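Visitor:
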Amino acid sequence: MTRSIIKAAEWALGPEAVEGPPQAVYSALCMACGTEVPASDDSPEPVEAWALKHTGLNPAHRQYKAMVETYWRVTPAEGNPYREFDV
Ligand SMILES: [Zn+2]
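Position 69, counted from 1, in the sequence shown is what this note's numbering calls 82; the numbers after and before it change by one each time, with no gaps.
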């Protein structure tokens, strides 16, 4: 059995590019009552519309915690021995 220990290798960090997960997931939380809008994949518009409607129905609820979730992937860079295993 051959064992290799790689002390240092070049890696690159970037946005997830595989199909499947959305590029971004948007959501928001009303800071007055804690109500959270259902998350929206790849578009903030449904979340923005919800916040505007929520304030329209509850005029004292005007502050939101806006959240955007994105996905990253670390891949072997040029010269990294793991690069040959990436498909
Ligand atoms: Zn609220």
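All C-beta atoms, glycine included, are put in the ideal place defined by N, C-alpha and C. Treat the numbers as computed from the prediction; the structure is a model and nothing was measured.
Can you name the residues that DSSP bridges to S53?
Guide: Numbered from its first residue, the sequence shown carries residue 53 at position 40. In the DSSP output, where bridge partners are listed per residue, S53 has Y39.
Visitor: Just how far apart, CA to CA, sit T48 and G92?
Guide: Sequence index remark: in the sequence shown, residue 48 carries index 35 (1-based). Sequence index remark: in the sequence shown, residue 92 carries index 79 (1-based). So the alpha carbons of these two residues sit roughly 49 Å apart.
Visitor: In chain order, what residues of the same chain have a beta carbon less than 6 Å from the beta carbon of P57, not counting five sequence neighbours either side?
Guide: Against the sequence shown, residue 57 aligns to sequence position 44. Within the same chain, P57 has close Cβ partners Y39.
Visitor: Is the CB-CB distance between Q76 and A52 below 8 Å?
Guide: Translated into the one-based positions of the sequence shown, residue 76 becomes position 63. Translated into the one-based positions of the sequence shown, residue 52 becomes position 39. No; because the gap between Cβ atoms is not below 8 Å, this pair is not in contact.
Visitor: Assuming contact is defined by CB atoms lying nearer than 8 Å, are Y95 and A22 in contact in what I supplied?
Guide: The sequence position of residue 95 within the sequence shown is 82, counting from 1. The sequence position of residue 22 within the sequence shown is 9, counting from 1. Contact: yes.
Visitor: Would you call the CB atoms of A41 and K66 closer than 8 Å?
Guide: Residue numbering aside, residue 41 sits at position 28 when the sequence shown is read from its first letter. Residue numbering aside, residue 66 sits at position 53 when the sequence shown is read from its first letter. No. Outside cutoff.
Visitor: At what residues does the alpha helix (DSSP H) containing E61 begin and finish?
Guide: Along the sequence shown, one-based indexing puts residue 61 at 48. Its alpha helix (DSSP H) spans residues E58 to L70.
Visitor: Does R75 come out as helix, strand or coil in the three-state DSSP assignment?
Guide: The sequence position of residue 75 within the sequence shown is 62, counting from 1. The answer is coil: DSSP assigns R75 none of H, G, I, E or B.
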